[in-house]
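Enquirer: Sequential numbering of the sequence shown, starting at 1, is according to the UniProt record's numbering. Below is one structure. I have some questions about it.
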Amino acid sequence: MNKKLFLAAGIVGMLATGCAGIGGGTKGGSSSSSTPSHTGNVLGEILGAVTNGEALGNVLNSVIGRDKLSQEELCGTWRYDGPGCAFTSESALAKAGGEVAATRIEEKLEPEYAKLGLNANNTFITFKQDGTFVSKIDGKRWSGNYTYDPQTSALTLRGLLFSLNGFATRNGFGISVLFESRKLLSLIQTIAAFSGNTTLNSIGEISKNYDGVRLGFDMKK
1 MNKKLFLAAG IVGMLATGCA GIGGGTKGGS SSSSTPSHTG NVLGEILGAV
51 TNGEALGNVL NSVIGRDKLS QEELCGTWRY DGPGCAFTSE SALAKAGGEV
101 AATRIEEKLE PEYAKLGLNA NNTFITFKQD GTFVSKIDGK RWSGNYTYDP
151 QTSALTLRGL LFSLNGFATR NGFGISVLFE SRKLLSLIQT IAAFSGNTTL
201 NSIGEISKNY DGVRLGFDMK K
């Protein structure tokens, strides 16, 4: 708890001195009159997360690219650790209801992923330094080439069956590999051979009412 309070205090100080909020939309920041109110909301959300015992890292990582991941850090084997969720911009996160919305989406995804049988043993991805990747989803192998842009967090996976555009971003415990919901469903259906599954429909419905949301997998080494 003391560590969380220490981190929160540092973040409060950072925001109070004029740093951008979560996933600031522009490099130069904004001088709009709504900034104090918005900053207050962010501070309240951070302190609320600490007092409720939630992972502070989630508050900082609900916007893609907020905490950038280097090419070197991406390399290695990452194993499934649960559902992943983040938004493409701070405004999209705010529109959805803030960090609470991201947390709720992950909570809804967790039982659906469990029904698919995803776990750390059968779902993982290895990013190699030579630009190739090897992965398994529910034990089904998929491999190919990848490209990653550390500045935008954009990740492209090119395999034999199809290609996928998504994002790789740092979270509190490892990384999140995220996709637009339809692409995620296509990945699961094609690689893991799930079809006509009501669970897949549920996953699609979860993201339906959220603009700018990206879904996927939280992963750790």
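Idealized CB from N, CA, C, for every residue including glycine. Values in this document were obtained by computation on a predicted structure and should not be read as measured data.
When you compare each of Ile206, Ile191 and Arg170 to Lys220 by their alpha carbons, which one comes out closest?
Expert: Nearest C-alpha to Lys220: Arg170.
Enquirer: Compute every distance between the C-beta of Ser186 and the non-hydrogen atoms of the ligand SAH, then say whether any falls below 6 Å.
Expert: The model depicted lacks the ligand SAH and carries no ligand whatsoever.
Enquirer: Which residue marks the beginning of the alpha helix (DSSP H) containing Ile125, and which one marks its end?
Expert: No alpha helix (DSSP H) contains Ile125, which is instead part of the beta strand (DSSP E) from Phe124 to Phe127.
Enquirer: Tell me whether the beta-carbon of Leu185 lies closer than 7 Å to the beta-carbon of Leu200.
Expert: It is a contact, given that the beta carbons lie within the stated cut-off.
Enquirer: Starting from Ile137, trace the alpha helix (DSSP H) in both directions and tell me its first and last residue.
Expert: Looking at the DSSP string, Ile137 is not in any alpha helix (DSSP H); the run it does join, the beta strand (DSSP E), is Thr132 to Ile137.
Enquirer: Find the nearest neighbour of Val177 within the set Thr123, Gly204, Ala96 and Lys208, judged by alpha-carbon distance.
Expert: It is Thr123 whose Cα lies nearest to the Cα of Val177.
Enquirer: Per DSSP, what kind of secondary structure is Thr152 in: helix, strand or coil?
Expert: Coil, per DSSP.
Enquirer: Where Thr132 and Thr77 are concerned, what is the direct C-alpha to C-alpha distance, given to the nearest angstrom?
Expert: Rounded to whole angstroms, Thr132 to Thr77 spans 12 Å at the Cα level.
Enquirer: Since Val100 is in the alpha helix (DSSP H), which residue starts that stretch and which ends it?
Expert: Looking at the DSSP string, the run of the alpha helix (DSSP H) that includes Val100 is Glu99 to Leu116.
Enquirer: For Thr156, which residues from the same chain have a beta carbon less than 6 Å from its beta carbon, with the 5 sequence-adjacent residues on both sides left out?
Expert: Excluding sequence neighbours, Thr156 sits near Thr147 and Asn165.
Enquirer: Going by the beta-carbon positions, is the gap between Ile105 and Cys85 smaller than 7 Å?
Expert: Yes, these two residues count as a Cβ contact at 7 Å.
Enquirer: Which residue wins for smallest C-alpha separation from Val100, given the options Ser62, Ile175 and Ala168?
Expert: Selected option, being the one with the closest Cα: Ser62.
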